[in-house]
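If you read the sequence shown in the numbering used here, its first letter stands for residue 241, the second for the next number, and so on. Comments concern the structure below.
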Amino acid sequence: MATPRLPLWQLGGALRKTRVGKLMTTDQPAPVETELKLRGDAVALERLWQAPLLRGPEPASPRIKLLENVYYDTADLRLRKCGLAFRIRRDGDRFIQTVKTGDTAASAVMSRGEWEGEVSSPEPQPDRVDDPTMRAALGLLLPGELRPIFTTRVRREVVELNGTDSHGRLKVIEAAFDRGEIEAAGAREALAEIELELREGPPGALFDLALALQDVAPTQIETRSKSARGYALATGRRPAWVRAAPLDLKAEMTVVDALAAVLGACLRHWGANEAAATDGSDPEGVHQMRIGLRRFRSALAVFGNLLPAAEAEWLKDEGKWALDTLGPARDWDVFQADLLAPLEACRPDDDDLAALRAAAGERQADAYAQLREALSAPRYTRFLLRLGGWLEDRGWQSPELTAAQKAALAQPLLALAEKLLAKRHRQVLKRGKGFKKLAIAERHQLRIAVKKLRYTTEFFRGLYPAKRSKAYLAALRDLQESLGHLNDVAVAEHLLVDLTETSPPGSGARQLERAAGKVIGWYNRALLDFEPDMRRTWKSFAATKPFWNKPS
Numbered sequence: 241m242a243t244p245r246l247p248l249w250q251l252g253g254a255l256r257k258t259r260v261g262k263l264m265t266t267d268q269p270a271p272v273e274t275e276l277k278l279r280g281d282a283v284a285l286e287r288l289w290q291a292p293l294l295r296g297p298e299p300a301s302p303r304i305k306l307l308e309n310v311y312y313d314t315a316d317l318r319l320r321k322c323g324l325a326f327r328i329r330r331d332g333d334r335f336i337q338t339v340k341t342g343d344t345a346a347s348a349v350m351s352r353g354e355w356e357g358e359v360s361s362p363e364p365q366p367d368r369v370d371d372p373t374m375r376a377a378l379g380l381l382l383p384g385e386l387r388p389i390f391t392t393r394v395r396r397e398v399v400e401l402n403g404t405d406s407h408g409r410l411k412v413i414e415a416a417f418d419r420g421e422i423e424a425a426g427a428r429e430a431l432a433e434i435e436l437e438l439r440e441g442p443p444g445a446l447f448d449l450a451l452a453l454q455d456v457a458p459t460q461i462e463t464r465s466k467s468a469r470g471y472a473l474a475t476g477r478r479p480a481w482v483r484a485a486p487l488d489l490k491a492e493m494t495v496v497d498a499l500a501a502v503l504g505a506c507l508r509h510w511g512a513n514e515a516a517a518t519d520g521s522d523p524e525g526v527h528q529m530r531i532g533l534r535r536f537r538s539a540l541a542v543f544g545n546l547l548p549a550a551e552a553e554w555l556k557d558e559g560k561w562a563l564d565t566l567g568p569a570r571d572w573d574v575f576q577a578d579l580l581a582p583l584e585a586c587r588p589d590d591d592d593l594a595a596l597r598a599a600a601g602e603r604q605a606d607a608y609a610q611l612r613e614a615l616s617a618p619r620y621t622r623f624l625l626r627l628g629g630w631l632e633d634r635g636w637q638s639p640e641l642t643a644a645q646k647a648a649l650a651q652p653l654l655a656l657a658e659k660l661l662a663k664r665h666r667q668v669l670k671r672g673k674g675f676k677k678l679a680i681a682e683r684h685q686l687r688i689a690v691k692k693l694r695y696t697t698e699f700f701r702g703l704y705p706a707k708r709s710k711a712y713l714a715a716l717r718d719l720q721e722s723l724g725h726l727n728d729v730a731v732a733e734h735l736l737v738d739l740t741e742t743s744p745p746g747s748g749a750r751q752l753e754r755a756a757g758k759v760i761g762w763y764n765r766a767l768l769d770f771e772p773d774m775r776r777t778w779k780s781f782a783a784t785k786p787f788w789n790k791p792s
């Protein structure tokens, strides 16, 4: 069986690479497994299970197992903090001990080591793990220190698909239907998911199959492992947000290599924050997901003219739609935390502001409900699956490309980076010329240009020594944050106008109007006080020397 290549991307762990090895045989490198996990409700899974697409006209008998998995850890969850999962599985009369690495809930890339072997009882036996790397990861474990944290019970039905994908490539995919529950600390959570594991063929075949399944019944990509969900249930912790991982672009790369790396990194970033954004308990989840999507759209602005026109247009449209679904939730988050809260702190007994807080909270809740509906919609799942397959199959390698596009994709990355950085830098200087006299609308245009420049520098900063870029990046960050205050106030004014105009008439509406006037007046005055700081940050940036080789 051919060993699949490592995929270019993994959507927040949705496409998993797992190195699998036995506990007692560590001399050979483990093969790489690639899988894609989908979740759905019981009705959707049953429709998929009965679908001819998976079972065929004469379905073979599936392999059925009843599996009980008990996950162990120390009292202070030391293994979890180290990114480890320690599990004992009961499979009939057998007990299988498994230890996995790289299984943190916030991990955007699930490259997981796995060691397993049969043991004599359901009690954990860490001393059986003789692999040096795994032993070092586990550390010192005293007798009886491991205790059960949570349990999963599933009925697993497995079928194997042999054939070709939509490109005519041979594929062997194992589809495992898991239906059951997770139990922890007296709480239970339903579990209904499908694991599509690539046994042979290109990873793009997984996305091809998952897209076809969407025509049978709607599902969503599951970015969390069972252990991540179990720990969340056991501890009550909400999904965590993550920042973008640094890009590791090299000067010797070609443009096409950078294209794959940059778009994949953007997808990993927003995918890793999807659970936190949907949960909504921490506003940073939506914020980071939006950053990932904005970086994706900025990457399309950088590379879009090198892609087939139809593909570039589709990517831009779907990326904008996904970004727009998060906008209202983010706007109300910023309004409540960054604009309303400081004023409330200065006026703690203001009934008008209290009424505004309540009304804004209702709008915020509505915005998150719309966000959750959009992220669970078939359109979003199809976007992710199609994009994932496009990246895996390098969909930009199209006969529709012109000779000029092909030449541009094959050129050294450094040449393109310097050209784009210089262009973005010139645009910012042009937008900011005569900063002192710029109108509010002109400063908003400058802010957009600054944001585009910052994302471009984040893509390409690794091509240059960090010492050279430090001062420029700091000045650029300060300028973006300074101009960001303008946007926050402008968005707040829009939200307040909409809130007051759509509120039912009466004393409550008058309260909201008074509160809106207080907020708008407060921050318009604050902008006047902040004007010297904005001018200072602009002068500082304009005087800072670019760090690339050929600035203009």
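Ideal placement from N, C-alpha and C gives every residue a C-beta, glycine not left out. Every value quoted in this text rests on a predicted model; they were computed, and no experiment measured them.
Asked                                                                                           : Found
CB of K691 within 8 Å of CB of Q720, strictly                                                   : yes
Identity of the residue in A415, C506, W788 nearest L436 by Cα                                  : A415
contact_flag[the region 745-756, the region 587-606] where n(CB pairs < 8 Å) is 3 or more       : yes
CA-to-CA distance, H684 to R410, given in whole angstroms                                       : The sequence given here has Leu at residue 410, not Arg. The straight-line gap from Cα to Cα measures roughly 52 Å.
Endpoints, alpha helix (DSSP H) assigned at E514                                                : 514-519
Spatial distance of P486 from V729 (CA atoms)                                                   : 31 Å
Whole-Å CB distance - G629 paired with G444, under 8 Å assumed                                  : 5 Å
Whole-angstrom distance between W762 and D773, CA atom to CA atom                               : 18 Å
Proximity below 8 Å, CB of L546 to CB of V482                                                   : no
Where the beta strand (DSSP E) containing D418 begins and where it ends                         : 410-424
Between the CA atoms of T518 and R396 - distance to the nearest angstrom                        : 28 Å
As assigned by DSSP and simplified to three states, the class of M264                           : At M264, the pLDDT of 38 sits below 50, so the modelled position is not reliable; the number obtained from the coordinates is stated separately. Correct three-state label for M264: coil.
T621 (DSSP reduced to helix, strand or coil)                                                    : helix
Alpha-carbon to alpha-carbon, L276 and A430                                                     : 19 Å
Contact the region 649-665 vs the region 574-583: 3+ CB pairs below 8 Å                         : no
Cβ-Cβ distance between E400 and D418 below 8 Å                                                  : no
Opposing strand residues paired with N545 [DSSP bridges]                                        : DSSP, once it has assigned bridges, lists no residue as partnering N545.
For Q685, the first and last residue of its enclosing alpha helix (DSSP H)                      : 680-700
Selection from L641, P442, L713, N402 that minimises the alpha carbon distance to E551          : L641
Separation of G332 from M529, as counted between CA atoms                                       : 42 Å
Contacting residues, own chain, Cβ-Cβ under 8 Å from R232 (five flanking each side not counted) : Residue 232 lies beyond the stretch modelled for the chain, which goes from 241 to 792, so this question has no answer here.
Buried or exposed by the 16-neighbour rule on C-beta atoms within 10 Å, applied to R701         : buried
Closest Cα partner of R664 within the set L686, V737, V731                                      : L686
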